[in-house]
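Residue numbers (my numbering), protein chains in the order written: chain A, 1 to 107; chain B, 108 to 220. We put the beta carbon where it would ideally sit given N, CA and C, even for glycine.
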Amino acid sequence: GIQVEQSPPDLILQEGANSTLRCNFSDSVNNLQWFHQNPWGQLINLFYIPSGTKQNGRLSATTVATERYSLLYISSSQTTDSGVYFCAVRSSYKLIFGSGTRLLVRP
Amino acid sequence: DAGVTQSPTHLIKTRGQQVTLRCSPKSGHDTVSWYQQALGQGPQFIFQYYEEEERQRGNFPDRFSGHQFPNYSSELNVNALLLGDSALYLCASSYTGTGTEQYFGPGTRLTVT
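Have a look at this one:
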């Protein structure tokens, strides 16, 4: 089956810093989503981005499907950005998740 | 526009018991998927329901079963609970017509003692 790998596993930033999170996947996909899981466990949709680039405020994402990776950019980080970031790719009807990047933004 | 809702929020059960978790999809969605998330890991797919039928199943034993109702809401049932079933159970909904983006509920945290 498809393998999804995320890096780095852990990231500590000072408020205001920028960061890049990476998601590699082992096979071609036609659906990729980025989520932010808050401390209460809620998965919040950030981007649905099977290919190309999208931006939403301080966050942007790029997926290069032919090279099997996606990047999530966080600019001017805030303490509320803390949590776990997951990418997930679709295989048939199911989403396959990576193991996540745990982000801590310090004030 | 109501998002995906799940009940209950938390649940404590004893080994060997049975549990039922409930999910109502986002308005306009007709497909419900269930995921299990163990501590420190990414969510794992259990199964997906569409048109009241199980459309795809992940690598979970038959102790895990589900149902979808005509109003698209869904239940997840787990029989003969094991300690290892302790996890966050997440429901996701989507619209089959567009096929793709899944939206998640707040989850049910199950503890088996």
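Integer-rounded CB distance, given that residue j should sit under 8 Å from residue i
| i | j | result |
| --- | --- | --- |
| F86 of chain A | G149 of chain B | 6 Å |
| V105 of chain A | E15 of chain A | 6 Å |
| Q144 of chain B | F154 of chain B | The pair is not a contact, with the Cβ atoms about 15 Å apart (cut-off 8 Å). |
| W34 of chain A | A61 of chain A | 6 Å |
| T63 of chain A | G52 of chain A | 7 Å |
Rounded straight-line distance, which links the Cα of residue j to that of residue i
| i | j | result |
| --- | --- | --- |
| H36 of chain A | D81 of chain A | 8 Å |
| Y73 of chain A | A88 of chain A | 16 Å |
| G147 of chain B | T203 of chain B | 30 Å |
| E161 of chain B | G83 of chain A | 32 Å |
| P107 of chain A | Q78 of chain A | 8 Å |
| L188 of chain B | W141 of chain B | 17 Å |
| E182 of chain B | C130 of chain B | 6 Å |
| K120 of chain B | Q151 of chain B | 21 Å |
Sequence-distant residues of its chain with Cβ nearer than 6 Å to residue i (five each side left out)
| i | result |
| --- | --- |
| N184 of chain B | T127, S172 |
| N166 of chain B | none |
CB contact check: residue i to chain D, cutoff 8 Å
| i | result |
| --- | --- |
| G41 of chain A | The structure shown contains no chain D; its protein chains are A and B. |
Partner residues on chain A for residue i, Cβ-Cβ distance less than 9 Å
| i | result |
| --- | --- |
| E208 of chain B | N31, Q33, N45, Y48 |
Cβ neighbours of residue i in the same chain (closer than 7 Å, five flanking residues each side left out)
| i | result |
| --- | --- |
| G214 of chain B | Q113, L195, Y196, L197 |
| N24 of chain A | E5, R68, Y69 |
| P8 of chain A | T101 |
Contact set between residue i and chain A, taken where Cβ atoms lie within less than 7 Å
| i | result |
| --- | --- |
| R162 of chain B | Y93 |
| G135 of chain B | Per Cβ cutoff of 7 Å: no residues; G135 of chain B is ~15 Å from chain A at best. |
Cross-chain neighbours of residue i in chain A, by beta carbon under 8 Å
| i | result |
| --- | --- |
| F152 of chain B | K94, L95, I96 |
| Q221 of chain B | Nothing in the structure corresponds to residue 221 of chain B, since chain B is present only between 108 and 220. |
Contact set between residue i and chain B, taken where Cβ atoms lie within less than 7 Å
| i | result |
| --- | --- |
| G100 of chain A | G149 |
| R68 of chain A | Per Cβ cutoff of 7 Å: no residues; R68 of chain A is ~18 Å from chain B at best. |
Under 8 Å by beta carbon: chain B residues contacting residue i
| i | result |
| --- | --- |
| R22 of chain A | Chain B residues near R22 of chain A: none, gap ~15 Å exceeds 8 Å. |
Neighbourhood of residue i by C-beta distance below 8 Å, restricted to the same chain and skipping five residues each side
| i | result |
| --- | --- |
| Y210 of chain B | G110, V111, K133, H136, A199, S200, S201 |
Just list the beta strand (DSSP E) runs in the stretch 157 to 182 of chain B, keeping only unbroken ones of 3 residues or longer that don't cross its boundaries, in chain order. 160 to 164, 171 to 175
Could you give the uninterrupted runs of the alpha helix (DSSP H) lying entirely in the stretch 28 to 72 of chain A, keeping only those of 4 residues or more? none
Ranges of the beta strand (DSSP E) found wholly within the stretch 181 to 216 of chain B, counting only runs of at least 3: 181 to 185, 194 to 201
Uninterrupted beta strand (DSSP E) stretches inside the stretch 118 to 164 of chain B (no shorter than 3 residues): 126 to 131, 138 to 144, 151 to 157, 160 to 164
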